[in-house]
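Novice: Okay, handing you the structure first.
In the numbering used here, the protein residues as written are 142 to 579.
What follows is the structure in structure tokens.
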């Protein structure tokens with residue numbers, strides 16, 4: 142393959158980097174990306190780029206949308222096989238489904254096989270970057286990083302840490318959590334396209350000693366990410382209060398251990414007080430909105446207006462497997478419905494921003510992903526908004542981003558994904574998809 146290539150189609154992205162949504166979208170309905178050495182070397186109208194590069198090979202996706210690869214900021218690799226298990230509320234879901242499933246990831250071969258399945262599902266749905274929880278086993282994080290590296294995917298992941306209130310066969314300790322996390326940071330963080338996230342599952346499953354040990358790492362490694370859960374469920378919040386009675390609220394637990402800062406992503410954030418919202422915004426922490434999971438587990442409705450009021454960056458996430466789909470378009474569709482119930486009008490373009498540039502900016506990675514600016518990594522998804530009879534009837538102009546995207550959020554699934562490219566190479570093409578477990 143030539144080092145330079147042109148990718149033709151309806152190109153849409155947000156070039157300006159801000160954590161809050163803005164309408165400054167750049168659109169080329171007959172556009173092209175110029176890719177060189179795995180990076181974006183140019184974006185614009187196809188005719189203009191073709192005239193400048195007449196001998197560069199062209200991959201033609203006319204009448205398809207070309208968008209930056211989707212960024213999923215909260216999902217659980219070990220829960221892939223328990224997606225769509227009959228519903229429970231959060232705490233019984235963990236006990237009945239999650240913990241037994243995660244036990245299997247002590248087996249390196251099993252973890253390696255499931256990493257292949259998991260990443261294939263991400264790519265067939267257009268997700269090129271995930272912020273991922275592995276299991277408590279160090280080997281599960283290594284398996285995921287290895288599999289992502291083989292595909293050259295930008296991946297943020299961390300070994301789950303929990304030393305109480307879970308089965309004994311799924312517990313680590315304060316000392317082992319710190320030692321394993323430090324070793325994984327040394328081996329993977331900033332190596333290739335891999336980044337590490339300190340990952341206490343949530344405050345109830347980490348003792349104060351373990352939280353303190355992880356807090357030491359958070360202070361030592363300022364550029365690592367942090368991921369955990371916050372205020373997903375009323376019973377969970379009440380439980381946290383009994384476990385950390387000296388803390389004024391749930392967020393204060395994480396503040397006590399130096400975990401509320403930039404690059405810290407908190408899943409759910411449904412039942413926050415105004416004080417918690419204000420403190421998150423002031424400290425640059427991120428809320429990961431997980432609509433399909435919140436609905437499936439009956440957790441509650443995320444308040445987008447409140448997050449905006451306090452300048453808390455909001456990203457979108459599938460939360461597989463409490464979430465019910467790997468597809469970020471479906472996730473956006475459910476987010477729209479939740480926002481409707483909250484009297485907030487979430488447009489397709491605001492949603493696209495949160496899936497791409499908005500997430501990249503919030504994570505401090507907009508120089509690499511989330512956009513088609515010169516020098517960014519060439520991660521992108523190609524979508525066909527008219528992939529079946531119904532969508533062909535519904536979408537009159539597949540190059541018109543706002544209408545076509547909105548239709549896909551309601552009607553779309555992985556069949557809309559024509560191709561997914563990572564660092565300038567096609568890593569998923571629909572017609573070539575094979576079953577990853579075969």
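A virtual CB, placed ideally from N, CA and C, is assigned to each residue, including glycine.
Note that the structure is a prediction, hence the values are computed from the model and not measured.
DSSP three-state label for residue 413, please.
Specialist: Residue 413 falls in the coil class under three-state DSSP.
Novice: Enumerate in chain order the residues of its own chain whose CB-to-CB distance from residue 224 is below 7 angstroms, with the five nearest sequence positions on each side excluded.
Specialist: Cβ within range, chain order: 461, 462 and 465.
Novice: Between which two residues does the alpha helix (DSSP H) holding residue 539 run?
Specialist: First-last for residue 539: undefined, no H or E at that position.
Novice: Spatial neighbours of residue 579 within its chain, please: C-beta separation below 8 angstroms, excluding the five flanking residues on both sides.
Specialist: For residue 579, the predicted structure reports a pLDDT of 37, less than 50, and the residue's modelled location is therefore unreliable. A value from the coordinates is still provided. Contacts found: none.
Novice: Report yes if the CB atom of residue 373 is closer than 8 angstroms to the CB atom of residue 422, and no otherwise.
Specialist: Not in contact: residue 373 and residue 422 (Cβ atoms no closer than 8 angstroms).
Novice: I'd like the list of long-range same chain contacts for residue 437, defined as Cβ closer than 8 angstroms, with 5 residues on each side in sequence excluded.
Specialist: Hits under 8 angstroms: 228, 463, 464 and 465.
Novice: Give the secondary structure of residue 167 by DSSP, where H, G and I count as helix, E and B as strand, and everything else as coil.
Specialist: Looking at residue 167 - three-state DSSP - the assignment turns out to be strand.
Novice: Using the C-alpha atoms, what's the distance from residue 381 back to residue 567?
Specialist: The straight-line gap from Cα to Cα measures roughly 45 angstroms.
Novice: Applying the criterion that 16 or more other CB atoms from any shown protein chain within 10 Å of the CB defines a buried residue, is residue 534 buried or exposed?
Specialist: It counts as exposed.
Novice: Determine the DSSP secondary structure at residue 246, reduced to helix, strand or coil.
Specialist: In the structure shown, residue 246 sits in a helix (DSSP, three-state: H, G or I).
Novice: Using CA coordinates, which residue listed in 413, 396 and 329 is at the minimum distance from residue 379?
Specialist: Answer by Cα proximity: 413.
Novice: Tell me residue 209's beta-bridge partners as DSSP assigns them.
Specialist: According to DSSP, residue 209 bridges with 521.
Novice: May I ask you to list the residues that DSSP assigns as paired with residue 560?
Specialist: Paired residues: 523 and 570.
Novice: Could you please give the first and the last residue of the uninterrupted alpha helix (DSSP H) stretch that includes residue 437?
Specialist: Here the alpha helix (DSSP H) through residue 437 covers 432 to 437.
Novice: Quick one: using the 10 Å Cβ neighbour count with 16 as the cut-off for buried, is residue 531 buried or exposed?
Specialist: The residue in question, residue 531, is exposed, as its Cβ has fewer than 16 Cβ neighbours within 10 Å.
Novice: DSSP puts residue 461 in a beta bridge; with which residues?
Specialist: According to DSSP, residue 461 bridges with 464.
Novice: Under the assumption that residue 213 contacts residue 261 (Cβ atoms under 8 angstroms), give the Cβ distance between them as a whole number of angstroms.
Specialist: 14 angstroms between Cβ atoms; not a contact.
Novice: Per DSSP, which residues does residue 180 bridge with? Please list them.
Specialist: According to DSSP, which records beta bridges pairwise, residue 180 is partnered with 177 and 518.
Novice: Can you tell me whether residue 149 is helix, strand or coil according to DSSP?
Specialist: Residue state, collapsed to three classes: strand.
Novice: For a quick check, are the C-beta atoms of residue 302 and residue 322 less than 8 angstroms apart?
Specialist: Yes, Cβ-Cβ distance for residue 302 and residue 322 is below 8 angstroms.
Novice: Could you please give the first and the last residue of the uninterrupted beta strand (DSSP E) stretch that includes residue 485?
Specialist: Residue 485 -> no beta strand (DSSP E), and no H or E assigned at all.
Novice: So residue 366 packs on residue 336, CB below 8 angstroms; how close in whole Å?
Specialist: Yes, residue 366 and residue 336 are in contact; Cβ-Cβ is about 6 angstroms, under 8 angstroms.
Novice: Does the Cβ of residue 163 have 16 or more other Cβ atoms within 10 Å, making it buried, or fewer, making it exposed?
Specialist: Under this definition residue 163 is an exposed residue.
Novice: Leaving aside the five residues before and after residue 236 along the sequence, list all residues of the same chain whose C-beta is less than 6 angstroms from its C-beta, in chain order.
Specialist: There are no such residues.
Novice: Please determine, among 404, 471, 441 and 429, the residue with the shortest C-alpha to C-alpha distance to residue 458.
Specialist: Out of 404, 471, 441 and 429, 429 has the C-alpha closest to the C-alpha of residue 458.
Novice: Are three or more beta carbon pairs between the stretch 145 to 152 and the stretch 165 to 179 nearer than 8 angstroms?
Specialist: The answer is yes - the stretch 165 to 179 touches the stretch 145 to 152, with three or more Cβ pairs under 8 angstroms.
Novice: Should residue 157 be labelled buried (16 or more other beta-carbon atoms within 10 Å of its own) or exposed?
Specialist: Classification for residue 157: exposed.
Novice: Using a Cβ-Cβ cutoff of less than 6 angstroms, which residues in the same chain neighbour residue 507 once the five nearest sequence positions on both sides are dropped?
Specialist: 158 and 501.
Novice: Any idea what DSSP makes of residue 400, helix, strand or coil?
Specialist: Coil.
Novice: Counting only beta-carbon separations shorter than 8 angstroms, does residue 205 have a partner in chain C?
Specialist: Absent here is chain C; the protein component of the structure consists of one chain.
Novice: Could you give the DSSP three-state label for residue 321: helix, strand or coil?
Specialist: Three-state result, residue 321: helix.
Novice: When you compare each of 216, 192 and 300 to residue 434 by their alpha carbons, which one comes out closest?
Specialist: Residue 216 is the option with its Cα nearest to residue 434.
Novice: Taking residue 193 as part of the alpha helix (DSSP H), name the residues at either end of that continuous run.
Specialist: 187 to 193 is the extent of the alpha helix (DSSP H) around residue 193.
Novice: Excluding the 5 residues flanking residue 498 on each side, which residues of the same chain have their C-beta closer than 6 angstroms to its C-beta?
Specialist: Counting only Cβ-Cβ distances below 6 angstroms, and skipping sequence neighbours, we find 155, 511 and 512.
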